[in-house]
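In terms of our numbering, the numbers along the sequence shown are unbroken and rise by one, the last being 156. For every residue, glycine included, the Cβ atom is placed at its ideal position computed from N, Cα and C. The model shown is predicted, which means the values in this text are computed figures rather than measured ones.
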Amino acid sequence: MLKKTYVYLVSISDRYIGTASIIIITIVYLAVQLFGLQKIHRDWKSAGDMSKKFLISVEQYSKDFWIRDSLQFYFVGQPIRNGEAWVWPVGLKDALWFTFKNPNLAVYTVSDINSALDQAKGVASSHVFRFDQEGNVDEVVRARNGQIELLNPRR
Numbered sequence: 002m003l004k005k006t007y008v009y010l011v012s013i014s015d016r017y018i019g020t021a022s023i024i025i026i027t028i029v030y031l032a033v034q035l036f037g038l039q040k041i042h043r044d045w046k047s048a049g050d051m052s053k054k055f056l057i058s059v060e061q062y063s064k065d066f067w068i069r070d071s072l073q074f075y076f077v078g079q080p081i082r083n084g085e086a087w088v089w090p091v092g093l094k095d096a097l098w099f100t101f102k103n104p105n106l107a108v109y110t111v112s113d114i115n116s117a118l119d120q121a122k123g124v125a126s127s128h129v130f131r132f133d134q135e136g137n138v139d140e141v142v143r144a145r146n147g148q149i150e151l152l153n154p155r156r
């Protein structure tokens with residue numbers, strides 16, 4: 002394609018304009034590719050940071066008895082993608098198993114906070130977590146007045 006473009010440009014002008022045009026087209030093409038590559042790199046870096054923040058923040062909720070007991074974790078707002086990068090389309094349960102090493106851990110992803118709280122209602126070993134925009138999770142509960150509150154707000 003570049004050769005055809007070069008031949009056409011030489012036929013309507015001279016050799017120097019054809020060569021300069023091909024060089025400019027090549028530079029623009031390479032610049033667009035480089036910018037796209039940088040964006041993808043930033044997306045994957047950010048997705049990795051989100052995954053790391055998730056594992057750190059969920060580990061803060063760990064207690065010694067969690068390692069042995071049966072647990073049900075409900076997650077709301079699980080990030081699937083960050084730009085062009087995948088965050089948690091799958092693998093959430095495996096990541097939590099490596100964190101807690103609990104074979105009795107059940108992990109559920111739920112679309113909204115009220116459904117998660119309804120499913121976890123009345124089971125002491127159930128915990129509902131909400132993802133924030135940065136990938137951290139906060140444990141939430143339904144207060145007596147029906148409001149949704151953070152169990153342990155960050156300072």
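- Where residue 7 and residue 87 are concerned, what is the direct C-alpha to C-alpha distance, given to the nearest angstrom? The residue you call residue 7 lines up with position 6 of the sequence shown. The residue you call residue 87 lines up with position 86 of the sequence shown. Their backbone Cα atoms lie some 41 Å apart in a straight line.
- Task: Could you check which residue in 84, 41, 154 and 60 has the C-alpha nearest to that of residue 96?
- Result: If you number the sequence shown from 1, residue 96 lands on position 95. Of the candidates 84, 41, 154 and 60, the one whose C-alpha sits nearest the C-alpha of residue 96 is 60.
- Between the Cα of residue 47 and the Cα atoms of 129, 134 and 122, which residue gives the shortest distance? On the sequence shown, residue 47 is found 46 positions in, with the first residue counted as 1. Closest option to residue 47, Cα to Cα, is 134.
- Rounded distance between the beta-carbons of residue 130 and residue 74, thought under 8 Å: Within the sequence shown, residue 74 is the residue found at index 73, counting from 1. Within the sequence shown, residue 130 is the residue found at index 129, counting from 1. The pair is a contact, with the Cβ atoms about 6 Å apart (cut-off 8 Å).
- In terms of residues, what are the limits of the beta strand (DSSP E) holding residue 106? Along the sequence shown, read from residue 1 onward, the residue named residue 106 stands at position 105. Here the beta strand (DSSP E) through residue 106 covers 106-111.
- Give every residue of the same chain whose Cβ lies closer than 8 Å to the Cβ of residue 16, excluding the five residues on either side of it in the sequence, and list them in chain order. Residue mapping note: residue 16 aligns to position 15 of the sequence shown, counting from 1. Contacts found: none.
- Task: Sort 62, 82, 106 and 102 by Cα distance to residue 72 and report the nearest one.
- Result: For the purposes of this step, residue 72 is taken as residue 71 along the sequence shown, with counting starting at 1. Checked all of 62, 82, 106 and 102; the closest Cα to residue 72 is 106.
- Compute the minimum distance between the beta carbon of residue 18 and the heavy atoms of the ligand HEM, and state whether it is under 7 Å. As presented, the structure is devoid of all ligands, the ligand HEM included, so that no description of it is given.
- By Cβ distance below 8 Å, which residues in the same chain neighbour residue 10 in space, the five residues on each side in sequence not counted? For the purposes of this step, residue 10 is taken as residue 9 along the sequence shown, with counting starting at 1. Closer than 8 Å at the Cβ level, and outside the excluded window around residue 10, lie 18, 19, 22 and 23.
- Going along the chain, which residues of its own chain have a beta-carbon closer than 6 Å to the beta-carbon of residue 85, five neighbours each way excluded? Looking up residue 85 in the sequence shown gives position 84. Once the five neighbours on either side are set aside, the close Cβ partners of residue 85 are 41 and 44.
- Message: Let's test the definition: count the other Cβ atoms within 10 Å of the Cβ of residue 124 and tell me whether it reaches 16, buried, or not, exposed.
- Response: Residue mapping note: residue 124 aligns to position 123 of the sequence shown, counting from 1. With fewer than 16 Cβ atoms within 10 Å of its Cβ, residue 124 is classed as exposed.
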